[in-house]
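A.B. asks:
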Amino acid sequence: MSLQDVPVALIEACREGDRVAVERLLRQISPDIYRIVYSMLRDHDDTDEVVQETLIRLFRYIAKLKEPEKFASWTMRITVSQVQTWRMKRGRLRMYEISDGMDSEDSVIAMTGTNAHNPRDLASRRQIHEQVESAMATLPDRQQTAVVLFEIEGCSIKEIAQTMACSEGAVKFNIHEARKKLQRRLGYLVQGLFRKVGGAVQGESQVAKAEDS
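Under the numbering used here, the residues of the sequence shown are numbered 1254 to 1466, in order.
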């Protein structure tokens, strides 16, 4: 069950202290949370740790959720917060990986016209893997979070703004800056692969830049 599909009745039962309902909820949304965390950390052991902490906080604070209809964005906000906390504690450089097959559902770049069994193509895939991993590792946390939620998770600008506790303009700015850096480092590899963000109002970038600094 995705975060957006959780029944309001189930959330209400959790808010009222129904432990069976809470256990059912956490069990159903765990795969979705795992996917979101893994898309940012790309390490199963680290993801397990962050997911566990996220579920603990959801269990602890769901009774305080005042608007059940905002459960999805509330959960994503807690999840992203736990990822950021983990990064600060570990002080580790984030490494964004792309699967060796390059065709899984959470891959960003897909090669066409190549043979997965051809040694030359496999070498090319590994090289692209290293280039993308290196490029994503250079992004600041907020830019990486914004671009992952938008490009990989398919979240809307509004949802990301709620998750990151910032304005929609700041989200667009972070995505824009992340894309510029990725395009500068990866060139044709990411050409034409980004989703459309939508037009920004005049002066929005400067306001967002000031807000995000």
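The beta-carbon is built from N, C-alpha and C at its ideal position, and this holds for glycine as well.
Note that this is a predicted model, so its numbers are computed, not measured.
Val-1273 by DSSP, collapsed to three states: which one?
C.D. replies: Looking at Val-1273 - three-state DSSP - the assignment turns out to be helix.
A.B. asks: Kindly list the residues whose CB is nearer than 7 Å to the CB of Ile-1413, restricted to its own chain and excluding five residues on each side of it in sequence; keep chain order.
C.D. replies: So the list reads Ala-1399, Leu-1402, Phe-1403 and Val-1424, once near-sequence residues are dropped.
A.B. asks: Would Ile-1289 and Thr-1332 qualify as a contact pair, given that the criterion is a beta-carbon distance under 8 Å?
C.D. replies: Against a cut-off of 8 Å, the Cβ pair of Thr-1332 and Ile-1289 comes out as a contact.
A.B. asks: For Gly-1270, which residues in the same chain have their Cβ closer than 7 Å to its Cβ, ignoring the five residues on either side in sequence?
C.D. replies: The answer, listed in chain order, is Ala-1316.
A.B. asks: Distance, Cα to Cα, Ile-1351 vs Asp-1296?
C.D. replies: Here Ile-1351 scores only 39 on pLDDT, less than 50, and its place in the model is too uncertain to base an answer on.
A.B. asks: At the level of alpha carbons, what is the spacing between Val-1259 and Phe-1312?
C.D. replies: Each residue's alpha carbon lies about 15 Å from the other.
A.B. asks: So, helix, strand or coil for Ser-1292, using DSSP?
C.D. replies: It is helical.
A.B. asks: Measure the Cβ-Cβ separation of Thr-1416 and Met-1293 and say whether it is below 8 Å.
C.D. replies: Contact: no.
A.B. asks: Shortest alpha-carbon distance to Glu-1383 belongs to which of Leu-1439, Leu-1256 and Val-1275?
C.D. replies: Closest option to Glu-1383, Cα to Cα, is Leu-1439.
A.B. asks: If you measure between the beta carbons of Ala-1396 and Ala-1418, is that distance less than 8 Å?
C.D. replies: In the sequence under discussion, the amino acid at residue 1396 is Gln, which differs from the Ala named in the question. It is not a contact, given that the beta carbons lie outside the stated cut-off.
A.B. asks: Rank Leu-1308, Glu-1421, Arg-1343 and Glu-1265 by C-alpha distance to the C-alpha of Gln-1281 and give the top, closest one.
C.D. replies: Of the listed residues, the one whose Cα sits closest to Gln-1281 is Leu-1308.
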